[in-house]
Every structure is written in structure tokens, then in C-alpha cells.
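Residue numbers (the working numbering): 25 to 197.
No residue lacks a Cβ here, since even glycine has one placed at the ideal position from N, Cα and C.
None of the values given here were measured: they were computed from a predicted structure.
Here's the structure we're looking at; comments come further down.
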Amino acid sequence: MRALIVTATPRKLGRVQPLITIERETPDQPEVASFLEAADKRADTLYALQSRYGSGLPALLLAGVRYFVARECGQALGGGGYVRLAEDKAEMKRLFVDPNARGRGIGGSIVHAIERAAVKEGVQTLFLETGIKSAEALALHRKLGFQERPSFGNYEHDPLSVFMMKQLTLPKG
């Protein structure tokens, strides 16, 4: 699956913007590992160990993650994926955008790619867990239509976690 992001605002029309692509890739590659490490290091500064739920690479692979990577001129800028929980349910996992690439709509575009792929597999509900101190992530997910809900799956209630879900729209016809 490919997704293209075209960013053309009046201020940017005079400049040529590099093409950003989002494609499904395997997460067991060095660039993706560096995203996961960066996300873990950030979580280390915000949350106690018992409140960190980021799945490591082996767990993602074991769970059959479908992972998407955003690239500009071949350089990975961010990624995220999902794992199936049931026939019609999935959980978004490990969404991360390089801090130097934030503010360009890349995170939202990765989420949209995840949603499109999940819908094609019959997923109707997409869940996620994030931390209460992850203001940017919370704002993005709310903007994209995710709503807070109680804990789900194997998660237990954690006052430092925010659990969210979104009903996905199946294509008509």
C-alpha cells in the first residue's frame, strides 16, 4: 500500500517539496529499530517502568504487526503499525515520528494508512494505548476521531495511561 502526502500551502508553493511515501515494511530494520529506541528513551523520561507498555520488536513480530514507514527521499521519518486483536478489532502500535519531522502531518498520514489497511482486512474498531504525558499523541488521536474508553485487551487500568478507540468506516459498495 502506498500513501502520498502532498503539502502545498500558499507559503510553500514557491518551493518544491520532497515526496513523502508511506508503505508497509517489515519493522525489523535498523531505521525502525532506531524509532522504537527513541520512543522508549522518551518514555523512560516520562513514565515509571510499570507504566510503559511499548512492545519491543520481538513482541511486535510475534504478534504479526503490520508496520508502515514514512520516507522522504529514502530516509525514514516515522512509522507505526497495528496488530489484530480479533477478527474485527486491532490495536495501533508504536506510532512515532522523528522530532525533526514533526508538524508536517506525517503522524496523521501514518494513522490513515494504518486505518485503510485495517479496514481492508475487515477491522471495524481500532484501539490504542498512550500515556497521559504524551500531549502531542493525545491531540493527534483526538483530532483523528479517537475517543477515550476504559482499558481493553490485556491492559489493566493505569492512571498514567489513556485508552482510546475509533470505529472505522468500511468503504461503501
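Only residues of its own chain outside the window of five on either side were considered, and among them 89, 90, 114, 115, 116, 117, 138, 141, 142, 147, 150 have a CB closer than 8 Å to the CB of residue 106, listed in chain order. Close CB contacts of residue 170 within its chain, under the 6 Å cut and outside five residues either way in sequence, are with 188, 190 (chain order). In this structure, residue 155 lies near residue 184, with their beta-carbon atoms less than 7 Å apart. In the displayed model, residue 94 falls within a strand according to three-state DSSP.
Here residue 134 is near residue 92, since their CB atoms are less than 7 Å apart.
Closest by C-alpha distance to residue 97, out of 57, 157, 45, is 45.
In the three-state reduction of the DSSP assignment, residue 192 falls in the coil class. For residue 161 and residue 127, the gap between their C-alpha atoms comes out near 12 Å.
Taking C-beta atoms as the reference points, residue 94 and residue 102 count as a pair closer than 7 Å. Residue burial annotation: residue 51 is buried, with at least 16 other C-beta atoms found within 10 angstroms of its C-beta. Counting along the chain, residue 46 sits inside the beta strand (DSSP E) bounded by residues 44-49. With a threshold of 16 other beta carbon atoms within 10 Å, residue 58 falls short and is exposed. In the structure shown, residue 113 falls within a strand segment according to DSSP collapsed to helix, strand and coil.
Residue environment: residue 165 is assigned as buried (16 or more neighbouring CB atoms within 10 Å of its CB, all protein chains considered). Assigned with DSSP and collapsed to three states, residue 126 falls in coil, not helix or strand.
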